[in-house]
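Student: Residue numbers (the numbering used here): 492 to 578. Note that CB positions come from ideal geometry on N, CA and C, so glycine has one too. Structure provided below as structure tokens; questions to follow.
Next up, the structure:
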């Protein structure tokens, strides 16, 4: 389970270029907040997934814990998580 510091990523759904570690599309992220242990599925700004230039910001819906995560880091996580976590 990938640890971002603020969150544990359980599932990442999207598309990435694994050779260059570029995130092409991110549909959803299932994560557990390390601050309050809330598990949440983020797929829009309202649910805690805000797309920014070069990556995303995840926000816990319960405690508002936030962290920016680069697209390259998501691509790396998706590569390690395998085919079950791709769109």
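Expressed to the nearest angstrom, what Euclidean distance is found between the alpha-carbon atoms of residue 564 and residue 504?
Tutor: Cα to Cα, the separation comes out at about 14 Å.
Student: Excluding sequence positions up to five away, which residues of its chain have a Cβ less than 6 Å from the Cβ of residue 570?
Tutor: Closer than 6 Å at Cβ, skipping near neighbours: 509.
Student: Grab the span of the alpha helix (DSSP H) containing residue 566 for me, first residue to last.
Tutor: 562 to 572 is the span of the alpha helix (DSSP H), which, as asked, contains residue 566.
Student: Just how far apart, CA to CA, sit residue 526 and residue 550?
Tutor: The alpha-carbon atoms of residue 526 and residue 550 are separated by roughly 11 Å.
Student: For the beta strand (DSSP E) that residue 515 lies in, which residues bound it at each end?
Tutor: From DSSP, the beta strand (DSSP E) with residue 515 extends over 513 to 524.
Student: For the beta strand (DSSP E) containing residue 550, name the first residue and the last one.
Tutor: Note, residue 550: beta strand (DSSP E), 546 to 550.
Student: Who are the near neighbours of residue 538 in its chain, counting only those whose CB is closer than 8 Å to its CB and skipping five residues on each side?
Tutor: The answer, listed in chain order, is 531, 532 and 552.
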